[in-house]
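Okay, so here's the structure we're looking at.
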Amino acid sequence: MPDHIVQVCFVCLGNICRSPTAEGVMQRLVDDSGLGDKICVDSAGTAAYHVGERSDKRSREAARPRGIALNSRGRQFQTEDFERFDYVLAMDESNLMDLQALEDATEHSGHLGLLRAFDAIAPPGAEVPDPYYGGDSGFEDVLDLCEAACRGLLERIREDFELP
Ligand code: 4NP
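Numbering (our numbering), first residue to last: 132 to 295.
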């Protein structure tokens with residue numbers, strides 16, 4: 132598939148904290164690797180609570196010093212998204228179960244799973260915890276967990292799609 136653009140979607144509940152952070156982290160890694168024209172990154176929420184909103188200010192302020200800009204607007208994941216995305220990556224088991232229920236009605240042949248499964252040192256079933264109701268350290272933790280997992284994800288995409 133030489134001309135295929137690999138499509139990646141990160142999914143959490145609200146699409147204002149964890150999945151926009153994962154999207155920003157992955158976009159930075161993709162850009163730094165010179166693969167910006169080969170890999171397209173997006174995010175969505177299983178819920179519609181924050182459709183159209185900017186990412187949570189706490190997420191944006193935690194990401195900025197790391198050189199990561201969170202510019203996406205909240206959107207809800209749609210069943211049709213399975214037609215587009217090669218990798219659909221959930222932040223926690225609850226998100227994953229909601230996505231699996233939607234995927235059942237599709238012919239999705241891509242990967243659906245937990246983001247942290249791509250972190251070689253994370254235990255099986257590891258999640259990115261929801262920082263929404265907690266303190267600022269939770270937002271730093273989300274960045275650290277997403278960075279570790281996205282590095283592994285990028286390696287896996289390179290292998291799967293024979294990218295340089
Ligand atoms: P996220 O965090 O799923 O990481 O975007 C949340 C954002 C909003 C809510 C819950 C989690 N909420 O209940 O509004």
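We put the CB at the ideal spot given by N, CA and C, even for glycine.
Fill in: Quiz: which residues have CB nearer than 7 Å to ligand 1 non-hydrogen atoms
Cys143, Leu144, Gly145, Asn146, Ile147, Cys148, Arg149, Ser150, Gly176, Tyr180, His181, Asp187, Met222, Asp261, Pro262 and Tyr263
Discussion item. Beta-carbon within less than 6 Å of Asp250's beta-carbon, same chain only, minus the 5 sequence neighbours each way: which residues are those?
Written reply: Ala279, Ala280 and Gly283
Worksheet item: What residue from Lys188, Ser190, Arg195 and Thr210 has the CA that sits closest to Cys140's CA?
Response: Thr210
Worksheet entry | Anticipated Cβ contact below 8 Å, Ser164 with Leu274, distance rounded | That pair is no contact at about 19 Å.
Worksheet item: Quick one: what does DSSP say Ser203 is sitting in, helix, strand or coil?
Response: coil
Worksheet entry | Opening and closing residue of the alpha helix (DSSP H) in which Ser186 lies | Looking at the DSSP string, Ser186 is not in any alpha helix (DSSP H), and its letter there is neither H nor E.
Discussion item. For Asp223, tell me which candidate among Glu290, Gln158, Leu276 and Asp162 has the shortest Cα-Cα distance.
Written reply: Leu276
Fill in: Exposure label - Glu214; buried when at least 16 CB within 10 Å
exposed
Item to complete: Hey, could you find the ends of the alpha helix (DSSP H) Gln209 is sitting in?
Response: Careful: Gln209 lies outside any alpha helix (DSSP H) and carries neither H nor E.
Worksheet item: Cα separation between Gly269 and Gln158?
Response: 21 Å
Item to complete: Let me know the alpha helix (DSSP H) ranges lying completely inside the region 134–184, each 4 residues or longer, listed in chain order.
Response: 149–163
Worksheet item: Are the CB atoms of Glu192 and Ser174 nearer to each other than 8 Å?
Response: no
Item to complete: Have a look at Arg189 and Arg289 and give me their C-alpha separation to the nearest angstrom.
Response: 32 Å
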